[in-house]
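Numbering (the numbering used here), first residue to last: 1 to 529.
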Amino acid sequence: MVQRLFLAALGGALLTASFEPVAMGWLLPLGVALYALALRDLSVRRSFLVGLVFGVVFYYSHIAWMRASIGTDAWLALSAAEALFYGLLGLAVPLLRRLPAWPLWLAAAWTSMETIRSGWPFSGMPWGRLAFAAVDTPAANMVAYVGMTGLSFLLALTGFALAHLVEALLARRRDTTVPWRLPALGAVGVLALLVTPAVVPYDIPQTGTATVAVVQGNVPGPGNDILWDYLGVTRNHVDATVELAAQVSAGERPRPDFVLWPENSTAVDPFEPGEVNTGITEAVAAIGVPVVVGGIVDDGPKHVLNQGIVWDPETGPGDRYTKHHPVPYGEYIPFRDIWNPKFGKLALISRDMRAGTRTTPLRVAGIEVADAICFDVAYDGVLPPQVRSGAQLLTVQTSNASFIFTHQIEQQFAITRLRAIEAGRWLTVASTNGRTGVIASDGTVVASLTPRTTGVLDEEVGLATALTPAMRLGPWPARMFTLLTLGALVSGALAYRRRREFDGPARVSSTEGDPAPTPTTNTSEASVG
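Take a look at the structure:
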């Protein structure tokens, strides 16, 4: 059992290394394969423990940035909750391994698990989906064909097919009559599925272009506290926009079609009279084009909204996008009417942030723009529905100030690049002091600013209206894999029960293709505990 726990821990560590900041994507199939190998021929009860160890090592290390940014308590609690899903998946492994072509069904179950934990409990936590590690690998282009969910499935299938091949080769080593060609062909076939799109990326024809100015105003003081001088944050963005306007008037820079400010460029309600409202009006009047402002807006005495607001130089504030996924215990307190904490950083959350529901794009300077705010970019239900509703361009408004000294900003930027490929759209991302950039529809970073600096990018971006296959598929891959998983679990449970009844309470487990097991008087690891 100790060896299995070691394999599980090693697999979790390798999976972490496949993501930013290490970003060695080729380790991902190895990490997933070790998960399957560690769980091989275990009882249901022991499979939970081994799967949990994998999840603990992976998730605690993957979001280690939360400990330094949000707090150790939040890091411990969230990582424990997310690690539990890998243990629960482990419960299904003994059932699914009873089925023919088990890597296929286990990959579907892994993908379903990712879908569930990305939306539950509360708004879930999508960080750590396998697809998010693929941005600079040959598999990246596949996301335009099958979406994030489909790509996670294919990557999981690659890892489990590799595990199946290893098991077949080990069995062949013990008994030369055991066939191994079928697992080998299966593994090669899965790899071919992932590599082929690297040669044939999905191209979306451009229907036009636009010039977008992206402002990174920077955060005064220590840099990791947006409230340390929130008026200074707004003033930095106002000054950078006014300076851009002067350069445009002097002919030094092109006139943008619109300007993008980041999330929390105003930390107080920009509609209320005062310095913030006056500053925004000054900046918009100076540049003479719409500015998409990221602001915290009052919504009664108990709630606030995190919004992207289209501020027009002639008509003032207009169209708005509201953040879909506020962070629990970061931007709101779940069940506040039952439990209202008044200690630590939780005491600072005096009002809960309401979630938005908009699925149609903003109209900015005549352009249909799909907007997302910070963590929204990691959820499948935010940008893709807006693209299907006609968005020509993607924008992401983010703060990242709380995470500025961590690797969270690299992980989020990788997800953002994948969203551009998935949608076949150019994407502009504005951060207060993190990763501000312009991303082409193939995921290439066209321009970016150095974190913790003040600057403005002005780039010509492509516009498009056609849909990638991934956008056409929408939520159907997640639904399909969920149904496949449920069907496989029922079939696997029946097979597991029949084999238990046939073999009796004590037996020596065998790998697929091994000779029939011989009875023994000792209980093996494969016995049901």
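The beta-carbon is built from N, C-alpha and C at its ideal position, and this holds for glycine as well.
Quiz prompt | Collapsed DSSP secondary structure at Tyr145 in the structure displayed | solution = For Tyr145, the secondary structure class from DSSP, reduced to helix, strand or coil, is helix.
- Query: Helix or strand or just coil, what does DSSP make of Arg320?
  - Reply: strand
Notebook entry, point to check: Does DSSP classify Phe19 as helix, strand or coil?
Noted result: The answer is coil: DSSP assigns Phe19 none of H, G, I, E or B.
Count the other CB atoms within 10 Å of the CB of Phe556; is the residue buried (16 or more) or exposed (fewer)? No statement about residue 556 is possible, as the shown extent of the chain runs from 1 to 529 and does not include it.
Original post:
Considering only residues of the stretch 198-226, which uninterrupted beta strand (DSSP E) runs meet the minimum length of 3 residues and lie entirely inside it, listed in chain order?
Top reply: 208-216
Neighbourhood of Phe153 by C-beta, 8 Å cutoff - its chain only, sequence neighbours within 5 removed | Ala107, Ala108, Trp110, Thr111, Val146, Pro477 and Phe481
Could you give the distance in angstroms between the alpha-carbon of Val377 and the alpha-carbon of Ile404? 18 Å
| request: Count the other CB atoms, across all protein chains shown, that sit within 10 Å of the CB of Thr485; report buried if there are 16 or more and exposed otherwise. | output: Classification for Thr485: buried.
Exercise for the section: Return the bridge partner residues of Tyr332 from the DSSP annotation. Expected result: In the DSSP output, where bridge partners are listed per residue, Tyr332 has Pro328.
- Message: I need the boundaries of the beta strand (DSSP E) containing Phe258, first residue and last residue.
- Response: Where Phe258 is concerned, the enclosing beta strand (DSSP E) starts and stops at Phe258 to Leu260.
>> Cutting at 6 Å between CB atoms, please list the residues of its own chain near Gly221, excluding the five before and the five after it.
In response: Trp228 and Asp229
Open item on the list: For Pro519 and Gly71, what's the separation of their Cα atoms in angstroms?
Closed with: Confidence in Pro519 is poor, its pLDDT being 40 and thus under 50, which makes the residue's placement unreliable; the coordinate value appears in the next sentence. When rounded, the distance between both Cα atoms is 54 Å.
Problem - Burial state of His303 (16 or more Cβ within 10 Å) - result: Burial call: exposed.
Open item on the list: Going by DSSP in three states, Pro505 sits in which element: helix, strand or coil?
Closed with: Residue placement at Pro505 is flagged as unreliable, the pLDDT there being 48, under the threshold of 50; the coordinate-derived value follows with that caveat. Pro505 falls in the coil class under three-state DSSP.
### Query
Within 10 angstroms of its Cβ, does Ile338 collect 16 or more other Cβ (buried), or is it exposed?
exposed
Extent of the continuous beta strand (DSSP E) to which Tyr91 belongs:
Residue identity differs from the one stated: residue 91 is Leu in this sequence, not Tyr. Careful: Leu91 lies outside any beta strand (DSSP E), inside the alpha helix (DSSP H) at Thr72 to Leu96.
Tell me, to the nearest whole angstrom, how far the beta carbon of Leu95 is from that of Phe48; I am working on the premise that it is less than 8 Å.
Actually they do not touch by this definition, with Cβ atoms about 12 Å apart.
| Close-in-space but distant-in-sequence residues of the same chain around Val248 (CB under 6 Å, 5 per side omitted) | Arg255
- Item | Distance, Asn277 Cα to Leu104 Cα | 56 Å
> Per DSSP, Leu162 forms a beta bridge with which residues?
Replying inline: Bridge partners of Leu162: none, in fact.
Exercise. Kindly indicate which three-state DSSP category Gln392 falls into: helix, strand or coil?
Key: coil
Skipping 5 residues on each side, what residues in its chain have a beta carbon closer than 7 Å to that of Gly279? Counting only Cβ-Cβ distances below 7 Å, and skipping sequence neighbours, we find Thr234, Arg235 and Val238.
ask   = For Val2, which of helix, strand or coil comes out of DSSP?
value = helix
Within this structure, are the beta carbons of Asp298 and Glu272 separated by less than 9 Å?
yes
Check: Counting only runs that start and end within the stretch 408-444, where is the beta strand (DSSP E) found for 3 or more residues in a row?
Finding: 427-431 and 437-439
Quiz item: Just the Cα atoms here: how many angstroms apart are Thr453 and Gly217?
Solution: 7 Å
Please state the DSSP three-state secondary structure of Thr398.
strand
### Status (buried if at least 16 other CB within 10 Å, exposed otherwise) for Thr315
exposed
Run the CB neighbour count on Asp203, radius 10 Å, all protein chains shown included, and call it buried at 16 or more, exposed below. Sixteen is the threshold: since fewer than 16 other Cβ atoms of the shown chains lie within 10 Å of the Cβ of Asp203, the residue is exposed.
| Where the alpha helix (DSSP H) through Gly55 begins and ends | Val44 to His62
Q: Pull up the CB-CB distance for Ser69 and Ser402, whole angstroms please, since I reckon it's below 8 Å.
A: 5 Å
Near Leu489, which residues of its chain fall below 8 Å by C-beta distance, leaving aside the five closest residues on each side in sequence? Ala92, Leu95, Leu96 and Ala109
If I measure Cβ to Cβ from Phe19 and keep anything under 8 Å in the same chain, skipping five residues before and after, which residues do I get?
For Phe19, same chain residues with a beta-carbon under 8 Å away, outside a window of 5 residues either side, are His62, Gly128, Phe132, Ala133, Gln411 and Ala414 in chain order.
- [ ] Using the Cα positions of Leu473 and Ala156, report the straight-line distance between them to the nearest angstrom.
- [x] 20 Å
Inset, instruction - Alpha carbon to alpha carbon, how far is Gln307 from Ala466? Give it in angstroms, no decimals. - result: Rounded to the nearest whole angstrom, the C-alpha separation of Ala466 and Gln307 is 27 Å.
Next on the checklist: Assuming contact is defined by CB atoms lying nearer than 9 Å, are Ile309 and Gly300 in contact in what I supplied?
Outcome noted: no
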